[in-house]
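Here's the structure we're looking at; comments come further down.
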Amino acid sequence: MKRLVLISLLACVSVCFAFTNASAPATYSRTVAGTVYDSQDLTRISGIVVSEIISGKVVQTTETDIDGHFSLQASSSRTTITFSDPSGNYQSSTMSLDTNKEDCSDLSISLDLN
4 MKRLVLISLL ACVSVCFAFT NASAPATYSR TVAGTVYDSQ DLTRISGIVV
54 SEIISGKVVQ TTETDIDGHF SLQASSSRTT ITFSDPSGNY QSSTMSLDTN
104 KEDCSDLSIS LDLN
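Our numbering applies: residue 4 is where the sequence shown begins, and numbers increase by one.
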């Protein structure tokens, strides 16, 4: 009887452990933030789409606010960020970042007019 209880308890603990996040990898999160400017007159640009791309796939997007500011949480230490204007007034820009080696909390990005 003791053996049956012990085996049942061991099976229950194994099943419970399988459904926890104890074995899941830790998620990476580092702030990437800054301001997007017009390269000619240095005015701040609102409405620019800021996208994080990993392995060729967009993993998240945000948009610059009325003051040209943006902020997102990078999903990987090495990431690519693109800046694009849905209205087509500005040329797109792409930058590769290593958030472990660079301070990415106050970036300045200048976009050229089309």
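C-beta atoms are modelled at their ideal positions from N, C-alpha and C, and glycine is treated no differently.
This one's a predicted model, so the numbers in the text were calculated from it and none came from an experiment.
- Non-local C-beta neighbours of residue 80 in its own chain, meaning closer than 8 angstroms and more than five positions away in sequence, comprise 31, 33, 101, 102, 103, ordered along the chain.
- For residue 88, the CB contacts under 6 angstroms within the same chain, skipping 5 residues up- and downstream, are 51 in chain order.
- Judged by DSSP secondary structure, residue 75 falls within the beta strand (DSSP E) whose first and last residues are 72–77.
- According to DSSP, residue 63 shares a beta bridge with 55.
- Following the DSSP letters along the chain, one finds residue 113 inside the beta strand (DSSP E) bounded by residues 110–114.
- A check of alpha carbon separations from residue 78 across 54, 38, 69 identifies 54 as the nearest.
- Cβ neighbours of residue 67 within its own chain (closer than 7 angstroms, five residues either side excluded): 39, 48, 49, 50, 51, 53, 73.
- The alpha-carbon separation between residue 111 and residue 82 amounts to approximately 17 angstroms.
- Looking only at 84, 64, 117, 76, the smallest Cα-Cα distance to residue 93 is reached by 117.
- Annotation: the continuous beta strand (DSSP E) that includes residue 33 extends over 33–41.
- For the options 95, 71, 84, the alpha carbon positioned closest to that of residue 60 is the one of 84.
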